[in-house]
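This report concerns only the one structure given below.
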Amino acid sequence: MNKKWIALSSQTGSEILNISRRIDYFPDILVTNNNLENLNEDLFKFYAESTDKLLLKVDVKIKSNHYDKIFSEFKNPIITLNGWLKIVPPDICKKYKIYNGHPGLISEFPELKGKDPVQRVWADKTYKRFGSVIHLVTAEVDDGKILMEDSGDFNFDTFEEFDSAQRKLSLNLWINFLKKYIK
Numbered sequence: 001m002n003k004k005w006i007a008l009s010s011q012t013g014s015e016i017l018n019i020s021r022r023i024d025y026f027p028d029i030l031v032t033n034n035n036l037e038n039l040n041e042d043l044f045k046f047y048a049e050s051t052d053k054l055l056l057k058v059d060v061k062i063k064s065n066h067y068d069k070i071f072s073e074f075k076n077p078i079i080t081l082n083g084w085l086k087i088v089p090p091d092i093c094k095k096y097k098i099y100n101g102h103p104g105l106i107s108e109f110p111e112l113k114g115k116d117p118v119q120r121v122w123a124d125k126t127y128k129r130f131g132s133v134i135h136l137v138t139a140e141v142d143d144g145k146i147l148m149e150d151s152g153d154f155n156f157d158t159f160e161e162f163d164s165a166q167r168k169l170s171l172n173l174w175i176n177f178l179k180k181y182i183k
């Protein structure tokens, strides 16, 4: 293992669990501001039983010094936002390389930056393509340099089909990204 991985998630962590199983490596530190009882049961169990990985529950009001303390644990860690629903302070964005997965093809459709792009694409019905990107985190929301992207044609009959395809596309993007940067 060349790099250590710090992942932040405000959600259940299911995406992190799926990524970790596919690359056979779990984040060295998983940071969440979610209630622990809301985490994916298998993910929580993994961290509860691990002797060399850390699950860190943080307050909703995480500040720059808290990020700094967590991120400085390792030299040049890979820091990913996997459903992290907080804005990272500008000074932290400048100090560390942080990567965000965004489930909107913002390289083609910059209007999909921000919250709920999947729901907005579905509601609009005019998009011919859908996709995801991984980008560097900057002080501006979803505005950093795009490092990887994947897309497909939008031809779904139900939101469930679309949401499933979007999740698979995002998952595979993360897997390819982390294989490249971690191993």
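Under the working numbering, the letters of the sequence shown match residues 1 to 183, in that order. Each residue gets a CB set at the ideal place from its N, CA and C atoms; glycine is no exception.
Roughly how many whole angstroms lie between the Cα atoms of residue i and residue j?
i      : j      : result
Tyr47  : Leu54  : 6 Å
Leu8   : Lys179 : 18 Å
Glu149 : Gly131 : 7 Å
Met1   : Ile23  : With a pLDDT of 49 at Met1, under the threshold of 50, the modelled position of that residue is not reliable, and the figure given next carries that caveat. Looking at the two C-alpha atoms, the distance is approximately 12 Å.
Ser170 : Val121 : 15 Å
Asn145 : Val88  : For clarity, residue 145 is Lys in the given sequence; the question names Asn instead. Straight-line Cα distance between these residues: approximately 16 Å.
Asp141 : Lys75  : Position check: residue 141 holds Val in this sequence, whereas Asp was assumed. Taking the straight line joining both Cα atoms gives about 26 Å.
Asp124 : Asp68  : 39 Å
Pro110 : Thr138 : 15 Å
Count the other CB atoms, across all protein chains shown, that sit within 10 Å of the CB of residue i; report buried if there are 16 or more and exposed otherwise.
i      : result
Gly104 : buried
Ser50  : exposed
Asp42  : exposed
Val60  : exposed
Leu85  : exposed
Gly114 : exposed
Checking 8 Å against the spacing of the C-beta atoms, do residue i and residue j come in under that value?
i      : j      : result
Ile106 : Val133 : yes
Asn35  : Ser10  : no
Glu28  : Ile62  : Looking at the sequence provided, one finds Asp at residue 28 rather than Glu. Not a contact, by the Cβ cut-off of 8 Å.
Tyr181 : Lys3   : yes
Ser14  : Asn40  : yes
When every heavy atom of the ligand GTP is checked, does at least one fall within less than 7 Å of the C-beta of residue i?
i     : result
Glu49 : Summarising the ligand content, the structure contains no ligands, and the ligand GTP is consequently not present.
So residue i and residue j are in contact, right, with Cβ under 8 Å, and what is the actual spacing, rounded?
i     : j     : result
Leu30 : Ile19 : With a Cβ gap of about 11 Å, Leu30 and Ile19 do not count as contacting.
Count Cβ pairs between the segment 105 to 120 and the segment 60 to 80 that sit closer than 8 Å; are there 3 or more?
Contact annotation: the segment 105 to 120 does not touch the segment 60 to 80, with fewer than three C-beta pairs closer than 8 Å.
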